Amino acid sequence: MSAITLKPGREKSLLRRHPWIFSGAVQHADESISSGETVDLLSSNRQLLARAAYSPTSQIRARVWTFEAEPVDKELFRRRIRSAISARSALLLGEAAEGVGVRSDSYRLVYAESDRIPGLIVDRYGDVLVLQSLTAGSEFWKETLADLLLEETGLATIYERSDADVRELEGLQPKTGLLRGANPQLLLTINEHNLQFKVNLAEGHKTGFYLDQRLNRLRLRKLARDKEVLDCFCYTGGFTVNALAGGARSVLSIDSSADALALARENIALNNLPLEKTSFVEGDVFQLLRRFRDENRSFDMIILDPPKFAPTAAQAERAARGYKDINLLAFKLLRPGGTLVTFSCSGGIDAGLFQKIIAGAALDAGVDAQILEHLSQGPDHPVSLHFPEAAYLKGLVCIRK
Ligand code: SAH
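Each step along the sequence shown adds one to the number in the numbering used here, with nothing skipped, and position 273 is 466.
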């Protein structure tokens, strides 16, 4: 097998079971290792530390498949996929037992490093699996992984959405389309805690829907009764529909995407919720919040679920200004006693920093507020203790005093 030898001292992160090797840690790589090929990772004194996928063009030069001296083959991936699936089954059974309602039929089935398959994301939407391959290693094994997913789930259809920008860093072109099965319904209706949502698997964001907010949407449903709600960055109406289902008095929803808003309207109708209590504005949240402030408007509940402002820590400062700006405006628009539900999905901003930014926003808005709850991505997006980077979504429920 091909091998990579690390510089002295650079085995430390592997010994802590972090699965990445950066290019700067590599002393020597065998010649002509192909993209995604499995390599032995050796310490400077030639001890085998792990087996990994080689990414020749990426700064992250190798990602670990296993820390054992075991073969990296179809059976290893079968074990990984089985364990990912059984964790999700247990989770959803638990939710049903807690009375959360009808099980969701859509959730993340495989979450990359967290499930020890770096580069592979698999989301389940009803009976269709949507696969995203993000790295040279997952690309190398893609056909095997697709076969295993069908064998282990008993399903027949996989649609590929490998169109995320990060593939470029791995020297991979975007790729979308049917991977397994025939003629899937690409505009399908999913069930999430007794509510239906139309999801466009071919063109929707990420793999179609923001599954990471699944339980937070349910949480919001319970907080929305009788409230006048402002849902900023509403996408296809995930929070809007839940607020209405929870008895909100009215919901004003903003997004810059006309397509997303059109689907949001359909989702309200689909659930027989009162369209007359809703209004939609296509536009820029930053500008609209300013306009609402100038018009002295106010709300009982404001949701801020913006797109990623900082994918990495390097962009954190600019992103922090963006978060502070919208949260400051939101605090001003919030009535005393009102609820702010605010999120960041920026990997570059950790929970501590996010809380500081929100505190700064409240201070500059001249309001006092308290945190009622900390929110995060759902447990179908688990975080390996050895790979904290997998935790990207953080949220706060704040009450304005
Ligand atoms: N809350 C949603 C997900 C929001 S994703 C859910 O639970 O499903 C972020 C959304 O912000 C996207 O729909 C995107 O179209 C929108 N968006 C991005 N920048 C924006 C801006 N400046 N103003 C308004 N909407 C924006």
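Using N, Cα and C, we set each Cβ at its ideal position, and we do this for glycine too.
As the structure is a computational prediction, the values presented were derived from the model and not from experiment.
Taking the CB atoms as reference points, tell me whether residue i and residue j lie closer together than 8 Å.
i: residue 434; j: residue 394; result: no
i: residue 468; j: residue 436; result: no
i: residue 505; j: residue 363; result: no
i: residue 314; j: residue 327; result: yes
i: residue 360; j: residue 400; result: no
i: residue 425; j: residue 457; result: no
i: residue 199; j: residue 218; result: yes
i: residue 495; j: residue 546; result: no
i: residue 540; j: residue 585; result: yes
i: residue 404; j: residue 299; result: yes
i: residue 329; j: residue 225; result: no
i: residue 460; j: residue 430; result: yes
i: residue 417; j: residue 440; result: yes
i: residue 352; j: residue 379; result: yes
i: residue 350; j: residue 370; result: no
i: residue 493; j: residue 421; result: yes
i: residue 558; j: residue 524; result: yes
i: residue 176; j: residue 490; result: Absent from the model: residue 176. The displayed extent of the chain is 194 to 594, so no value can be given.
Hey, could you find the ends of the beta strand (DSSP E) residue i is sitting in?
i: residue 196; result: 196–199
i: residue 163; result: Outside the displayed span of the chain (194 to 594) sits residue 163, for which this structure offers no information.
i: residue 432; result: Unbroken run through residue 432 is the alpha helix (DSSP H), 431–438; no beta strand (DSSP E).
i: residue 475; result: 471–475
i: residue 537; result: 527–537
i: residue 370; result: 368–373
i: residue 446; result: 443–448
i: residue 244; result: 241–247
i: residue 206; result: It is not in any beta strand (DSSP E) - residue 206 instead sits in the alpha helix (DSSP H) that spans 205–208.
i: residue 427; result: Neither: residue 427 is in no beta strand (DSSP E) and is coded neither H nor E.
i: residue 310; result: Careful: residue 310 lies outside any beta strand (DSSP E) and carries neither H nor E.
i: residue 393; result: 388–393
i: residue 614; result: Outside the shown range of the chain (194 to 594) lies residue 614, about which nothing can therefore be said.
Quick one: does the C-beta of residue i sit closer than 7 Å to a heavy atom of the ligand SAH?
i: residue 252; result: no
i: residue 532; result: no
i: residue 323; result: no
i: residue 471; result: no
i: residue 478; result: yes
i: residue 450; result: yes
i: residue 403; result: yes
i: residue 447; result: yes
i: residue 514; result: no
i: residue 483; result: no
i: residue 453; result: yes
i: residue 502; result: no
i: residue 386; result: no
i: residue 427; result: yes
i: residue 431; result: yes
i: residue 570; result: no
i: residue 354; result: no
i: residue 134; result: An answer regarding residue 134 cannot be provided, because it is not within the stretch 194 to 594 covered by the chain.
i: residue 389; result: no
i: residue 410; result: yes
i: residue 567; result: no
i: residue 498; result: yes
i: residue 406; result: yes
From what residue to what residue does the alpha helix (DSSP H) around residue i run?
i: residue 288; result: 267–290
i: residue 548; result: 544–558
i: residue 580; result: It is not in any alpha helix (DSSP H) - residue 580 carries neither H nor E in the DSSP assignment.
i: residue 330; result: 329–333
i: residue 595; result: Shown here, the chain extends from 194 to 594; a query on residue 595 therefore has no answer.
i: residue 417; result: First-last for residue 417: undefined, no H or E at that position.
i: residue 151; result: Residue 151 is absent from the structure shown; the chain starts at 194 and stops at 594.
i: residue 479; result: 478–487
Measuring alpha carbon to alpha carbon, tell me which residue in the options is nearest residue i.
i: residue 239; options: 340, 458 and 203; result: 203
i: residue 402; options: 541, 587, 301 and 558; result: 301
i: residue 286; options: 573, 533 and 332; result: 573
i: residue 233; options: 206, 215, 261 and 217; result: 261
i: residue 497; options: 489, 521, 488 and 510; result: 521
i: residue 509; options: 543, 481, 484 and 480; result: 543
i: residue 257; options: 366, 580, 591 and 590; result: 580
i: residue 271; options: 343, 216, 366 and 325; result: 343
i: residue 266; options: 230, 254, 297 and 290; result: 230
i: residue 216; options: 254, 528, 406 and 477; result: 254
i: residue 280; options: 263, 307, 409 and 291; result: 307
i: residue 310; options: 411, 244 and 526; result: 244
i: residue 201; options: 453, 212, 365 and 220; result: 220
i: residue 500; options: 479, 484 and 214; result: 479
Could you check whether the Cβ of residue i sits closer than 7 Å to any heavy atom belonging to the ligand MN?
i: residue 398; result: Because the ligand MN does not appear in the structure shown, any question about it cannot be addressed here, the ligands present being the ligand SAH.
key: Sufficient close CB pairs (3 or more, under 8 Å) joining the segment 550–565 to the segment 263–280   = no
message = Whether or not the segment 437–446 and the segment 501–518 are in contact is what I'm after, with contact meaning three or more pairs of Cβ atoms, one per stretch, closer than 8 Å; do they touch?
response = no
Touch test, the segment 374–393 against the segment 562–576, Cβ-Cβ under 8 Å, three pairs minimum = no
query = Do the segment 586–594 and the segment 558–568 make contact, defined as three or more Cβ pairs closer than 8 Å?
reply = yes
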